[in-house]
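K.L.:
Before I ask anything, let me first share the structure, which is written out below as structure tokens.
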Amino acid sequence: MRLKRQGLKLLVITALAVVSWLVYTYLIDQESIWIDEWFTIRSISQVTVSQAVAMVVDGENTPPAYFLLLRWWAGSNPNDLKRLRCFSALFATGSVVLAYLFGSVISGSAVGIVFALLTLCSPYVLWYAQEARNSSFAMFLALLLVSLFYLYAKRRRLLYLVAVAALQLIGLYTHYFFLFFIPAQCLYLLLRSTRGQLVRWLAAMVPVGVIFVLWIPRLLEQMAMNRANWLTTPTTYFPLQILGAFSSGIFYELNQSAAIMTTCLFGVLFIYGLFSMLCSRRRIQCVLRFDDENLLLLIFFFVPILSAYFISFAKPILYEGKRYLIVVLPLFHLIVARGVAMNRRRWTAVLLTVLLISFSVFFMQEIYTKIQKRYWKQASAIIEARSKPGDAIYSTDYTQGGVLSYYGTGYAKNVEISDFTLFKKHLRPYERLWYVAYVENTFEERTFNSNLRLIEARTLTNSAGYQIRIALYDCSML
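In this note's numbering, the protein residues as written are 180 to 657.
Right, here's the structure in full:
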């Protein structure tokens, strides 16, 4: 019987892994390169590891662990965007399998199945599983860290503690949000462990801190550059924003009616997963369960969120519940799965699971069928097809035209204008100018319209409303 159960478990794991990989790699290369992905390619394309690390410091707000791993994964072809994105799909697939294993350990096989299915069908996970950034890798590391920490807290084995320390170190060198998992671990052990177990954990964290201190000078360099000035302090709607993103994906605002229904369903089950509903004929009583498992989920979900939330009032580090908080997304799914499995009637739990997956699949198909990233591939194709010898490109995107050069721009050569008041001097050697911007009617476009003859202009707008403005000017008379 035991062998039969192990075989069934292996079958479930295999099925989840295969289906996840197919889901996350389907149409993985249909979207154009994202600006952040261009910075990824720029970093891993450096000749030496030290140059790659320096480029991460210069262009990112995170440490270099993911980029160094991706550099190894890319091999001799760091410009292969599909291959780079598959690295994220790999860790998203691993997260689904790990969700099933951890959910089964912490709450039983039924919760493990629902947890894995919610992760598999999450539009939030799908989006970042198809992006060459560190989000999926960070999510996998965080879930693995919490899983092994739970095993250490329950079984007190040295091997688990060593694994927790190693994962904590890798996490810190992957994303700074892993700092918030340290107070979460400490708080849980203070409430649920012996003094000796807490002391051993503290001893294990000492070398982690010592090794991470080596990165502090680079961290200070990144902070001095202040590349996150586009972030704002959280608003009063932040709890709804994060709930909407976790439930319906990061583009939940594009389908507000569906997002409201999905968010409400996930939200109710999330609360239900945190509380024990005691029902009788006369009354319904809500009791907060403080068993080890429930306390673990409460601490590891809310401590990182609240820490980042309060820090953001001094230095904004959050983006409406999108991207950065993916490290706690699996715990959200696990709490929801526990809320589903808490129903005593099996058919009710099955119906709720089907509803959750149906709503999630609706938003997943939006990602598959619509384009949410800017049309850089199409913009480059237009310029490449119509460019002539003597053409120049001036782009005001963050890469200063580098993202266009990734796809190719034909005869047109990229021009950087450091002092825009001297733009005529920079453009005199060229016959025509291709100007590219994020939006229409920029200051640069108005200036070009006043000084150059406009040949044509067009705006490429995707389903998320993101634009690329392309204007062609005659600058032969300068």
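Note that the Cβ used here is the ideal one computed from N, Cα and C, for glycine as well.
(1) Is the CB-CB distance between Trp-613 and Ala-636 below 8 angstroms?
(2) Looking at the structure shown, is Lys-592 part of a helix, part of a strand, or coil, going by DSSP?
(3) In three-state DSSP terms, what is Trp-217?
(4) Opposite Leu-601 in the DSSP bridges: which residues?
(5) Report yes if the C-beta distance between Cys-654 and Glu-610 is below 8 angstroms; otherwise report no.
(6) Identify which residue in Ser-255, Leu-348, Arg-335 has its Cα closest to the Cα of Leu-377.
(7) Contact check, Thr-621 vs Thr-575 under 8 angstroms by CB: the rounded distance?
(8) Below 8 angstroms, how does it come out for the stretch 531–543 and the stretch 281–298: are there three or more Cβ pairs, yes or no?
(9) List the whole-angstrom C-beta distance separating Glu-268 from Asp-259, where the pair is believed to meet the contact cut-off of C-beta under 8 angstroms.
(10) Alpha carbon to alpha carbon, what distance is there between Ile-536 and Ser-566?
(11) Grouping DSSP H, G and I as helix and E and B as strand, with all else coil, what is Val-293?
(12) Could you check what DSSP says for Leu-206 in three-state terms: helix, strand or coil?
(13) Is it a yes or a no for the stretch 640–651 touching the stretch 548–563, going by three-plus beta-carbon pairs under 8 angstroms?
(14) By how many angstroms is the C-alpha of Glu-432 removed from the C-alpha of Cys-458?
(15) Whose C-alpha, out of Asn-630, Leu-504, Tyr-652, is nearest the C-alpha of Pro-418?
(16) Look at the alpha carbon of Ile-439 and the alpha carbon of Leu-448, and state the distance between them as a whole number of angstroms.
(17) Check whether the stretch 299–311 touches the stretch 320–333, counting contact only when three or more Cβ pairs, one atom from each stretch, lie closer than 8 angstroms.
(18) Give the straight-line distance between the Cα atoms of Pro-257 and Ala-407, rounded to the nearest whole angstrom.
(19) Starting from Gln-544, trace the alpha helix (DSSP H) both ways and give me its first and last residue.
(20) Quick one: grab the DSSP three-state call for Leu-393.
(21) If Leu-195 and Val-276 are in contact, beta carbons under 8 angstroms, what's the gap, nearest whole angstrom?
(22) Could you give the C-beta distance for Pro-483 and Ser-274, rounded to a whole number, given that I count them as a contact under 8 angstroms?
(23) What's the gap between the Cα of Met-456 and the Cα of Phe-469?
(24) Does DSSP classify Ala-558 as helix, strand or coil?
(25) Measure from the alpha carbon of Thr-411 to the alpha carbon of each residue in Pro-495, Asp-215, Ile-192, then state which is nearest.
(26) Answer with buried or exposed for Val-341, where buried requires no fewer than 16 other C-beta atoms within 10 angstroms of its C-beta.
(27) If we call anything under 8 angstroms between Cβ atoms a contact, is Val-675 one with Phe-479?
(28) In the DSSP assignment, find the beta strand (DSSP E) that holds Ala-650 and state where it starts and stops.
(29) With Ser-574 as the anchor, note down where its beta strand (DSSP E) starts and where it stops.
(30) Relative to the alpha-carbon of Ser-426, which residue among Leu-393, Pro-413, Lys-501 has its alpha-carbon at the smallest distance?
(31) Could you tell me which uninterrupted alpha helix (DSSP H) segments, each at least 4 residues in length, are contained entirely in the stretch 250–337, listed from first to last along the chain?
(32) Identify every residue that forms a DSSP beta bridge with Glu-635.
(33) Using a threshold of 7 angstroms, is the CB atom of Tyr-503 nearer than that to any non-hydrogen atom of the ligand MG?
P.N.:
Looking at the coordinates:
(1) Cβ distance not < 8 angstroms, so Trp-613 and Ala-636 don't count as in contact.
(2) Looking at Lys-592 - three-state DSSP - the assignment turns out to be strand.
(3) The three-state reading of DSSP puts Trp-217 in helix, counting H, G and I together.
(4) None, per the DSSP bridge assignment.
(5) Yes, the pair counts as a contact, with Cβ atoms nearer than the cut-off.
(6) If we check each option's Cα against that of Leu-377, Arg-335 comes out closest.
(7) Contact flag correct, Cβ pair sits at about 7 angstroms.
(8) The stretch 531–543 makes contact with the stretch 281–298, as at least three CB pairs between them are under 8 angstroms.
(9) At residue 268 the sequence reads Ala, which differs from the Glu that was named. Contact flag wrong, Cβ pair sits at about 14 angstroms.
(10) The alpha-carbon of Ser-566 is positioned some 47 angstroms away from that of Ile-536.
(11) Here Val-293 sits in helix by DSSP.
(12) Here DSSP, grouped into helix, strand and coil, assigns Leu-206 to coil.
(13) Three or more pairs of CB atoms, one per stretch, sit closer than 8 angstroms, so the stretch 640–651 contacts the stretch 548–563.
(14) Below a pLDDT of 50, predicted positions are generally treated as unreliable, and Cys-458, at 43, falls in that range; the measurement from the model is reported next regardless. Cα-Cα distance, rounded: 36 angstroms.
(15) Cα-wise, what sits closest to Pro-418 is Leu-504.
(16) C-alpha separation (whole angstroms): 14 angstroms.
(17) Counting Cβ pairs under 8 angstroms, fewer than three are found: no touch.
(18) Roughly 26 angstroms between the two C-alpha positions.
(19) Note, Gln-544: alpha helix (DSSP H), 525–548.
(20) Coil.
(21) That pair is a contact at about 6 angstroms.
(22) Your pair Pro-483 and Ser-274 does not check out as a contact, with CB atoms roughly 17 angstroms apart and the cut at 8 angstroms.
(23) In this prediction, Met-456 scores a pLDDT of 49, lower than 50, which makes its location untrustworthy; no coordinate-derived value is stated.
(24) Here Ala-558 carries a helix assignment [DSSP, helix/strand/coil].
(25) Closest by alpha carbon: Pro-495.
(26) Answer is exposed; the Cβ neighbour count stays below 16.
(27) Beyond the ends of the chain as shown, which are 180 and 657, falls residue 675; an answer cannot be given.
(28) Counting along the chain, the beta strand (DSSP E) containing Ala-650 begins and ends at 646–653.
(29) 570–574 is the extent of the beta strand (DSSP E) around Ser-574.
(30) Among Leu-393, Pro-413, Lys-501, the Cα nearest to that of Ser-426 is on Lys-501.
(31) Annotation note: the stretch 250–337 contains the following uninterrupted alpha helix (DSSP H) runs of length 4 or greater, listed N- to C-terminal: 260–286, 288–299, 302–308, 314–334.
(32) Its beta-bridge partners are Leu-651.
(33) Ligands in the displayed structure: none, and consequently the ligand MG is not present.
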